[in-house]
Amino acid sequence: MRLIPGLTTDACVLIAGASRGIGLALCTALLARDDVTQLWAVARQASTCEELAELAERYGQRLKRVDCDARDEQSLEALASDVRGECDHLHLVISTLGILQHDGAKAEKALSQLNLASLQATFATNTFAPILLLKRLLPLLRKQPATFAALSARVGSIGDNRLGGWYSYRASKAALNQLLHTASIELKRLNPASTVLAIHPGTTDTQLSQPFQANVPEGQLFEPAFSADRIIELIAAHGPDDSGSFWAWDNKPIVW
Ligand SMILES: NC(=O)c1ccc[n+]([C@@H]2O[C@H](COP(=O)([O-])OP(=O)(O)OC[C@H]3O[C@@H](n4cnc5c(N)ncnc54)[C@H](OP(=O)(O)O)[C@@H]3O)[C@@H](O)[C@H]2O)c1
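Written out as structure tokens, the structure is:
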């Protein structure tokens, strides 16, 4: 299975949000492939993350660990400059950046729990960071096949919202989807071989979902490795013709 449609060479890949959860599982699965020659693993403390250190021991120079706070534009520019110093094209970038109840974000149940600070914190990581990451990495995505995929969430779908709640998180992912769709239109002009995807990974057993796992029906809480494999399959299956679309882990489209 090719990493992304149309790719005939080995690939350079960047995972933003690589220190744990689905991002770490993506790093593990992608480094196990022969066609990934270089993998950039990005998190705020990637250089001191034990799990990434173990991968570095196993895979040596194929893994580059970069400390970057993706909410900070200077930090993102430093990341882009580091990557440009070593490679002139990224074939695949996956943003797993996201928070639900960390770094000042709140999973609100009612309007009375909303406040500006938690709305801003949620949007900073879930919405602004992934699109600013794309902005900074754009020079590295302009030739050859290139895919930018961001982990969104089904709860960001307005058409699918029957339960309410989680105001900040839902809205931040809906706004992320709009930004990704808009970017897909611009990227198509810059590089007809580009693909931008929004992906719902399914409910996955990670730090992010941990406080909310009690009500997940049996068999519907995935291991990070399972979600990572489904995401890699999805990315391999959807090329430029599908750019700007929103998919679930089971390869079914999600209504905006
Ligand atoms: N888990 C689920 O059930 C589920 C369901 C639907 C959608 N999603 C989405 O899938 C994505 C991954 O979720 P997950 O469950 O794997 O979350 P997670 O375990 O909490 O991992 C989040 C990753 O993002 C990184 N990160 C957060 N803020 C960052 C920042 N400012 N700069 C750089 N890196 C940052 C974290 O690294 P550091 O904190 O070490 O910097 C960590 O590596 C999220 O976008 C989430 O919304 C998850």
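The working numbering applies: residue 23 is where the sequence shown begins, and numbers increase by one.
Glycine is no exception: its CB is placed at the ideal position from the N, C-alpha and C atoms.
In this structure the segment 200-213 does not touch the segment 249-259; the number of beta carbon pairs closer than 8 Å is below three. ARG87 and ALA102 do not touch by the CB rule: their CB atoms are close to 16 Å apart, not below 8 Å. Ranked by how close their Cα comes to the Cα of ASP272, the residues PHE244, TRP278 and GLY266 have PHE244 in first place.
Only residues of its own chain outside the window of five on either side were considered, and among them SER206, LEU209, LYS210, SER216, THR217, VAL218 and LEU219 have a CB closer than 8 Å to the CB of SER265, listed in chain order.
When the Cα atoms are used, SER190 and LEU114 turn out to be separated by approximately 28 Å. Taking the Cα positions, LYS274 is about 36 Å away from GLN83. Between ligand 1 and the CB of THR225, the shortest heavy atom gap is smaller than 7 Å. DSSP links ASP89 through a beta bridge to ALA65.
Secondary structure at ALA127: coil, using DSSP grouped into helix, strand and coil. For THR144, the three-state secondary structure derived from DSSP is helix. Taking C-beta separations shorter than 7 Å and ignoring five residues to either side along the sequence, the partners of LYS131 in its chain run GLY187, following chain order. The Cβ atoms of ILE253 and LEU201 lie no closer than 8 Å to each other. Apart from sequence neighbours up to five positions away, the residues of its chain that approach ALA247 with a beta-carbon distance below 6 Å are ALA47, ordered along the chain. By the neighbour-count criterion, in which 16 or more other beta carbons inside 10 Å mark a residue as buried, LEU185 falls on the exposed side. Relative to ligand 1, GLN229 has its C-beta within less than 7 Å of a heavy atom. Per DSSP, the unbroken alpha helix (DSSP H) holding CYS49 starts and ends at 43-53.
Annotation for GLY126 indicates a beta carbon at 7 Å or more from all heavy atoms of ligand 1.
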